[in-house]
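Colleague:
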Amino acid sequence: MIDPNKIKKDFPILRQKVNGKDLVYLDNAATTQKPQVVIDAITNYYQNDNANIHRGVHTLAERATQKYEEAREKLAKFIGAGSSREVLFTSGTTGALNLVAQSWGRANLKKGDTVLLTVMEHHSNLVPWQILSKELGFSLEFIHVTKDGLLEEAEGTIRRVKPKLLAFTHVSNVLGTINPVKNLTKAAHDVGALVLVDGAQAVAHLPVNVSALGCDFYALSGHKMFGPTGVGVLWGREELLKEMPPFLGGGEMIKEVYLREASYKEPPYKFEAGTPHIEGVIGLGAAVDYLNSLGMKEIQEQEEELISYALNELEKVKDLNIFGTFDPKKRSGVVAFTVARIHPHDLATVLDQEGIAIRSGNHCAMPLHSHFKLVATARASFSVYNAKEEVGKLVEGIEKAKKILQ
Amino acid sequence: MDIYREEILDHAKNPRNWGKLLHPTFRAKFPNPLCGDVVDLTLKVSDKTKQVEEAKFETNGCVVSVAASSLLTENIIGKTLEELNKIQDEEVLGWFGGDLTSSRRECALLPLRALKEALS
Numbered sequence: 001m002i003d004p005n006k007i008k009k010d011f012p013i014l015r016q017k018v019n020g021k022d023l024v025y026l027d028n029a030a031t032t033q034k035p036q037v038v039i040d041a042i043t044n045y046y047q048n049d050n051a052n053i054h055r056g057v058h059t060l061a062e063r064a065t066q067k068y069e070e071a072r073e074k075l076a077k078f079i080g081a082g083s084s085r086e087v088l089f090t091s092g093t094t095g096a097l098n099l100v101a102q103s104w105g106r107a108n109l110k111k112g113d114t115v116l117l118t119v120m121e122h123h124s125n126l127v128p129w130q131i132l133s134k135e136l137g138f139s140l141e142f143i144h145v146t147k148d149g150l151l152e153e154a155e156g157t158i159r160r161v162k163p164k165l166l167a168f169t170h171v172s173n174v175l176g177t178i179n180p181v182k183n184l185t186k187a188a189h190d191v192g193a194l195v196l197v198d199g200a201q202a203v204a205h206l207p208v209n210v211s212a213l214g215c216d217f218y219a220l221s222g223h224k225m226f227g228p229t230g231v232g233v234l235w236g237r238e239e240l241l242k243e244m245p246p247f248l249g250g251g252e253m254i255k256e257v258y259l260r261e262a263s264y265k266e267p268p269y270k271f272e273a274g275t276p277h278i279e280g281v282i283g284l285g286a287a288v289d290y291l292n293s294l295g296m297k298e299i300q301e302q303e304e305e306l307i308s309y310a311l312n313e314l315e316k317v318k319d320l321n322i323f324g325t326f327d328p329k330k331r332s333g334v335v336a337f338t339v340a341r342i343h344p345h346d347l348a349t350v351l352d353q354e355g356i357a358i359r360s361g362n363h364c365a366m367p368l369h370s371h372f373k374l375v376a377t378a379r380a381s382f383s384v385y386n387a388k389e390e391v392g393k394l395v396e397g398i399e400k401a402k403k404i405l406q
Numbered sequence: 407m408d409i410y411r412e413e414i415l416d417h418a419k420n421p422r423n424w425g426k427l428l429h430p431t432f433r434a435k436f437p438n439p440l441c442g443d444v445v446d447l448t449l450k451v452s453d454k455t456k457q458v459e460e461a462k463f464e465t466n467g468c469v470v471s472v473a474a475s476s477l478l479t480e481n482i483i484g485k486t487l488e489e490l491n492k493i494q495d496e497e498v499l500g501w502f503g504g505d506l507t508s509s510r511r512e513c514a515l516l517p518l519r520a521l522k523e524a525l526s
C-alpha cells in the first residue's frame, strides 16, 4: 500500500506553510503538484540539452529530439496505444479536443449529423462543439445526469440519437463519476459513431488502456498528472489520423512547400506544427516514469480508500451536502459539496486561512451546476500524496467556517 | 487578515437595502464570470435634484459581494449622478481594509461594476 506521507517527500512545494499552517493541497483536479524528478528533468533539459528538435544535425539537436521522442514512446506505452505514431502532443486537453473538432469535425460533420455529449462535460468538451455546430449546422444532443451524478440512460440515448460522434468525459471534474467508457464505446460503435474521451481527470488516478477501452480518440493534460502545464496528448487511431486534415499549418508538419501548396508529413508530425513545448513533453515523460514507479493500480487502490474515508467523514458534517455517487468504485478523487448558508468562495477563503487549498466556483462546468440548480460548489480533489489526516483538517476547517459565517 | 470582521459579517447577514425597486430609473444585473454570482441593482434617481432617492439590490453572492452591495447602496443614497460616476474601486476595496486577495477583489467590486453598468 502506498504511504502518502512518504510520497509527499517527493514534492518540494508541499513542504511549506501557508498562512502559518502546513499546506494541505486539495485542488488536484485543477492541477497536481510536481515531483522533484519532473522539475529535474525540465531543468536538466535547459541546462544540458536545449535545442530545436527534428531540424538540426548537431549533437544537442539530436539529444533533444531523442528525449522528445522517448517521451512519446513512454506516453504511448502508458495509455496502451498501439503505436507512438498515434500520440500527438498538444497544448493540453483543451488543445486536443479542439484539434478533433477542427480537424476531424470540420471534415466529417454536416447538417443532419449529431454530436452526442453529456451534461457533465467540462466547458472544453462543450464549447468547441458549440462553435463548430453553429458554423456547420449539425446538432448537439446530451446524455442526462441522474441525481446521484451518473449518466442517465446513456446507452439508450446513443441508440436513439445515432450520433456521428460521442464525446464524453472519462471522469467528471465535479462529480468524480467514473463513466463506463468501454460499454458506451461499444454502444456508440454499434450505431456507427466514433468515440472521443476526455481523460483529463482519469489518467493520474486509474490505469488507462485505450486499446482495451476501444475508443477512437483520447485526450489528456500533462499538468493534471504531475507533469508541466502547456502540454497534453491527443491519442487517435492511426487510420483516422491519416485521413484527417491538418489543424495548424507551419514548420515541422510539412514534407514539401511551394508557394501555393504543400504536402504534409504522416501523423503524428502532421499535427505538430511549429516548435513544440519540448521541455513540457520531456517533463511529461518524467511524470509518466514517476506514475509508473508508484503503479497505477496501487494509486487507484490508495485513492479509493482515501475517497471512501473522505466521503464518510464529510457526510457526518452537519449542513454539508455532497454531490455525486457514494460508490467508491464509480467515483474518483473529486468531492464537490455545498454547506448551507455559506457561499463556496467564503468557505474557500476561510480554509485558505488554515492552509487548505480547495476550489470554489462552477469548475468550468456551468451547465452541470445549472442542472443541479446551483451557481457554485466547493470542491476538494485528492491525489496520491494526500493523507487521511488532511481530510480531518478539511473537516475542522469547514467547522470553523460554519462558526464564522453561518 | 480578517475580511470576515464583525462589520462586514453584519452587512452580509443583515444586508441594508435588500430588494428590488418596481420602477427603477436605472437597473443592472451584473455577473461575476469567476463564480456566476449576479448582483441585481435598482436605483431611483430624482428628476429634479439628480440625487439617488432609493437604491436596492439582490444577489446570490458571497459574504464579500453582499457586504459590498449593502455598503455601496448605503453610501450612494443622497448622492448625485455626477458623484456616483466618481466612485473608484479603491473606495470600495477600502471598506475591506485592504485584506482582499486579488481573486476576491472581484467579489467586492461586483456591485460597483453593476452600478457603472446601470449608469452607462
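So the protein lines, in turn, are chains U and Z. So that you can map any letter, position 217 of the first sequence is 217 in my numbering, and since no number is skipped, the others follow by simple counting. So that you can map any letter, position 118 of the second sequence is 524 in my numbering, and since no number is skipped, the others follow by simple counting. We put the beta carbon where it would ideally sit given N, CA and C, even for glycine.
1. Could you tell me which whole beta strand (DSSP E) segments of length 3 or greater appear in the segment 306-341 of chain U?
2. Using a C-beta to C-beta distance shorter than 7 Å, which residues of chain U count as neighbours of D446/Z?
3. Assign F463/Z to one of three DSSP states: helix, strand, or coil.
4. Is any beta-carbon of chain Z found at less than 7 Å from that of A64/U?
5. For the segment 432-458 of chain Z, which residues have a CB atom closer than 9 Å to at least one CB atom of chain U, in sequence order?
6. Whole beta strand (DSSP E) runs in the segment 237-319 of chain U with 3 or more residues, listed along the chain?
7. Does the beta-carbon of D327/U have 16 or more other beta-carbons within 10 angstroms, so that it is buried, or is it exposed?
8. For chain Z, check one thing: does any of its Cβ atoms lie closer than 7 Å to the Cβ of G376/U?
9. Considering only residues of the same chain and omitting the five flanking positions on each side of V317/U, which have a CB-CB separation below 8 Å?
10. Kindly indicate which residue of G82/U, R15/U, Y46/U and D49/U has the alpha-carbon position closest to the one of K34/U.
11. Near T157/U, what residues of its chain come up, given a Cβ to Cβ distance below 6 Å and the 5 sequence neighbours on each side ignored?
12. Taking the DSSP output, what are the residues bridged to W235/U?
13. Let me know if N312/U comes out buried or exposed under the rule of 16 or more other beta-carbons within 10 Å of its beta-carbon.
14. Do you know whose CA, among P430/Z, L477/Z and A434/Z, lies nearest S452/Z's CA?
15. My assumption, with CB atoms under 8 Å, is that A379/U sits in contact with H363/U. Please give the rounded CB distance.
16. Pop quiz: C468/Z and H54/U are said to be a contact at Cβ under 8 Å. What is the actual Cβ separation, rounded to whole angstroms?
17. Between S475/Z and L516/Z, what straight-line distance do the alpha-carbon atoms span, to the nearest angstrom?
18. From this set, T455/Z, E464/Z, K426/Z and K435/Z, which residue's C-alpha is nearest E489/Z's C-alpha?
19. When you compare only the Cα positions, how much space is there between D289/U and A204/U?
20. Answer yes if the segment 227-242 of chain U comes into contact with the segment 95-107 of chain U, meaning at least three C-beta pairs across the two stretches below 8 Å, and no otherwise.
21. Exposed or buried, what is S263/U when buried is set at 16 or more other beta-carbons lying within 10 Å of its beta-carbon?
22. Within 8 Å, do at least three Cβ pairs link the segment 207-216 of chain U to the segment 185-197 of chain U?
23. Spatial neighbours of A30/U within its chain, please: C-beta separation below 6 Å, excluding the five flanking residues on both sides.
24. Does the Cβ of T507/Z have 16 or more other Cβ atoms within 10 Å, making it buried, or fewer, making it exposed?
25. Suppose contacts are defined by Cβ-Cβ distances below 7 Å. Is V384/U in contact with Q300/U by that definition?
26. Shortest alpha-carbon distance to N179/U belongs to which of K162/U, R159/U, D190/U and A200/U?
27. Would G249/U pass as an interface residue toward chain Z - the criterion being a Cβ-Cβ separation below 7 Å?
28. I'd like the list of long-range same chain contacts for L88/U, defined as Cβ closer than 6 Å, with 5 residues on each side in sequence excluded.
29. With DSSP as the reference, label P421/Z as helix, strand or coil.
30. Determine, for V469/Z, whether the minimum Cβ-Cβ distance to residues of chain U falls below 7 Å.
31. Just checking: is the beta-carbon of D27/U within a distance shorter than 7 Å of some beta-carbon in chain Z?
32. Counting only Cβ-Cβ distances shorter than 8 Å, please list the residues of the segment 69-100 of chain U near chain Z, keeping chain order.
33. Can you find the residues in the same chain that come closer than 8 Å, C-beta to C-beta, to P207/U, ignoring five residues on each side of it along the sequence?
34. Just to make sure I have the definition right: I need the residues of chain U whose C-beta is within less than 8 Å of the C-beta of I409/Z. Which are they?
35. Where do the ends of the beta strand (DSSP E) carrying G361/U lie?
36. Is there contact between the segment 248-267 of chain U and the segment 57-73 of chain U, where contact requires at least three CB pairs shorter than 8 Å?
Modeller: Per the coordinate set shown:
1. 320-322 and 334-339
2. Ordered by position in chain U, no residue passes the 7 Å Cβ test against D446/Z, which lies about 14 Å from the chain.
3. strand
4. no
5. L440, C441, G442, D443 and V444
6. 254-257 and 262-264
7. Exposed, since its Cβ has fewer than 16 Cβ neighbours within 10 Å.
8. Residue identity differs from the one stated: residue 376/U is Ala in this sequence, not Gly. Closer than 7 Å to some Cβ of chain Z, the Cβ of A376/U qualifies, so yes.
9. Taken in chain order, the residues that qualify are V339, V395, I398 and E399.
10. R15/U
11. I143
12. V87/U and Y218/U
13. exposed
14. P430/Z
15. For clarity, residue 379/U is Arg in the given sequence; the question names Ala instead. Indeed, because the Cβ distance is near 6 Å, the residues count as touching under 8 Å.
16. Going by Cβ atoms, the distance from C468/Z to H54/U rounds to 50 Å, so no, they are not a contact pair.
17. 8 Å
18. T455/Z
19. 12 Å
20. yes
21. exposed
22. yes
23. R359
24. exposed
25. no
26. A200/U
27. no
28. L234, P268 and F271.
29. coil
30. It does: the Cβ of V469/Z has a partner Cβ on chain U nearer than 7 Å.
31. No, D27/U does not count as interfacial toward chain Z.
32. none
33. In chain order, M296, K297 and Q300 place their CB closer than 8 Å to the CB of P207/U, counting only its own chain and leaving out the 5 sequence neighbours on each side.
34. T349
35. R359 to G361
36. Judged by pairs of C-beta atoms under 8 Å, the segment 248-267 of chain U does not touch the segment 57-73 of chain U, as fewer than three such pairs exist.
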